[in-house]
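Chemist:
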Amino acid sequence: MAVSLDLKEEILALKKARNAVILAHNYQTGEVQDVADFVGDSLGLAYYAKATDADVIAFCGVHFMAETAKIINPGKIVVLPDKDAGCTLEEACPAGDLAAFLTEHSERNYYVIAYINCSGAVKALSDVICTSGNAVAIVRQAPADRPILFVPDENLGAWVIEQSGRKMDLWKGHCDVHTAFTRDSIQRIKTEYPDALVVAHPECTHAVRLLANEVCSTEKMISYCRSAPVQHLIVVTESGMLHRLRKECPDKTLIAGPTDLCACSDCLHMKRNTLEKLRDCLKFLEPRVEMDEALRLRAEGPILRMLAQSK
Ligand code: 13P
Ligand code: SF4
151 MAVSLDLKEE ILALKKARNA VILAHNYQTG EVQDVADFVG DSLGLAYYAK ATDADVIAFC
211 GVHFMAETAK IINPGKIVVL PDKDAGCTLE EACPAGDLAA FLTEHSERNY YVIAYINCSG
271 AVKALSDVIC TSGNAVAIVR QAPADRPILF VPDENLGAWV IEQSGRKMDL WKGHCDVHTA
331 FTRDSIQRIK TEYPDALVVA HPECTHAVRL LANEVCSTEK MISYCRSAPV QHLIVVTESG
391 MLHRLRKECP DKTLIAGPTD LCACSDCLHM KRNTLEKLRD CLKFLEPRVE MDEALRLRAE
451 GPILRMLAQS K
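For the sequence shown, the working numbering assigns the number 151 to the initial residue and increments by one for each residue that follows.
1) I need the DSSP call for residue 323, collapsed to helix, strand or coil.
2) Which residues are close to the ligand 13P, meaning CB closer than 5 Å to any heavy atom, in chain order?
3) Is DSSP giving residue 425 helix, strand or coil here?
4) Here's the rule: buried if 16 or more other CB atoms are within 10 angstroms of the residue's CB, otherwise exposed. What is residue 163?
5) Any contact between the region 200–217 and the region 178–187? By contact I mean 3 or more CB pairs, one from each, below 8 Å.
6) My parser needs the alpha helix (DSSP H) runs of 4 or more residues fully inside the region 191–270; what are they?
7) With a threshold of 7 Å, establish whether the CB of residue 176 neighbours any heavy atom of the ligand SF4.
8) Pull up the distance between the alpha-carbon of residue 181 and that of residue 275, whole angstroms please.
9) So, helix, strand or coil for residue 439, using DSSP?
10) Mind the definition here: the region 264–283 touches the region 240–255 only if three or more C-beta pairs lie below 8 Å; say whether that holds.
11) Under 7 Å Cβ to Cβ from residue 236, same chain only, skipping five residues before and after it: list those, please.
12) So, for residue 464: in the same chain, excluding its five sequence neighbours on each side, which residues have a beta-carbon less than 8 Å away from its beta-carbon?
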């Protein structure tokens, strides 16, 4: 008699059969996070992807994250539950525009630092990659005798300038999710919870960062909230973060930072991945992330430089 497995059991059985590993970003839905082998920020996911000996990586995140895993694991099959899971920051910096800019300003001899939220083609044009978790450290290690061009996030770039004191030219890109938080929307929730501390992602605007007690990557939010000497914390980032934080900090009261329009903020791209699509990508090994080998090789160097420099 055929046994009707529930979705979660089906995913775990397929994972075993495929010798796969399931990676999930902190912004995935709670149910996707709960079936993953590893949940983390972009930096943690890149390290995990580099170290795994699985044959298949099922990457529950957005395309640039799965593509990064493929760039550093060319021999592995990398699948992404929804191939349309993109990123507004990646869209803000087309490789052709960056190449044209660098040609036009070739006399500057820019040292290009690319935030990991960009395409493989942009990574290939860069000197080094960074994530929100290591951006300050990577910028501090940039050659002192070359001007820096930081792409594609002007808000993260501005925060790194404040932290590192290093001057940089910034590409004019932003994340639509994090720039939806406003000074007023955060001020309002602070009034409701006057004792709360505010933790915000560096992709938020300067005005919002000014209201934050801590600005950090999604992974660092966990240690910050865990050790914060208060009961209430206002978390100004994508709403999936609350699931991870509530698991890791069960005795804290975690409040989603609201936008002007709603009580929290979803990245629609991150939320394209579902358990059904995860099951299907493990079953059919599609959609796969594939890359031209010459491009992959050019994109790999800057990622490996980042991993070496963030140790
Ligand atoms: P983290 O690396 O901090 O998780 O950020 C990734 C991201 O896409 C933020 O919007
Ligand atoms: Fe990109 Fe913003 Fe979504 Fe992060 S939250 S994946 S930066 S669109």
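Built from N, CA and C at the ideal position, the CB exists for glycine as well.
It should be emphasised that the depicted structure is a prediction, and the values quoted were computed from it without experimental measurement.
Modeler: With the given structure in hand:
1) Against the sequence shown, residue 323 aligns to sequence position 173. Residue state, collapsed to three classes: strand.
2) Going along the chain, the residues that qualify are 191, 192, 281, 282, 367 and 368.
3) Walking along the sequence shown from the start, residue 425 turns up at place 275. The DSSP-derived three-state label of residue 425 is helix.
4) What you label residue 163 is simply residue 13 of the sequence shown in a count that begins at 1. So residue 163 counts as exposed.
5) By the Cβ criterion, the region 200–217 is in contact with the region 178–187, since at least three pairs of Cβ atoms, one from each stretch, lie closer than 8 Å.
6) Fully enclosed alpha helix (DSSP H) runs of 4 or longer: 192–201, 213–222, 238–241 and 245–254.
7) As a first step, residue 176 is located in the sequence shown; it is residue number 26 there, counting from the start. Between the ligand SF4 and the CB of residue 176, the shortest heavy atom gap is not smaller than 7 Å.
8) As a position in the sequence shown, residue 181 is number 31, starting the count at 1. As a position in the sequence shown, residue 275 is number 125, starting the count at 1. If I take the Cα positions, the gap works out to 37 Å.
9) As a first step, residue 439 must be located in the sequence shown, where it is residue number 289. For residue 439, the secondary structure class from DSSP, reduced to helix, strand or coil, is coil.
10) Taking a cut-off of 8 Å on C-beta distances, the region 264–283 touches the region 240–255, as three or more cross pairs fall below it.
11) Your numbering for residue 236 matches position 86 in the sequence shown. Listed in chain order, the non-local C-beta contacts of residue 236 below 7 Å within the same chain comprise 212, 213 and 419, local neighbours out to five positions each way being set aside.
12) This structure leaves residue 464 out entirely; the chain is present only between 151 and 461.
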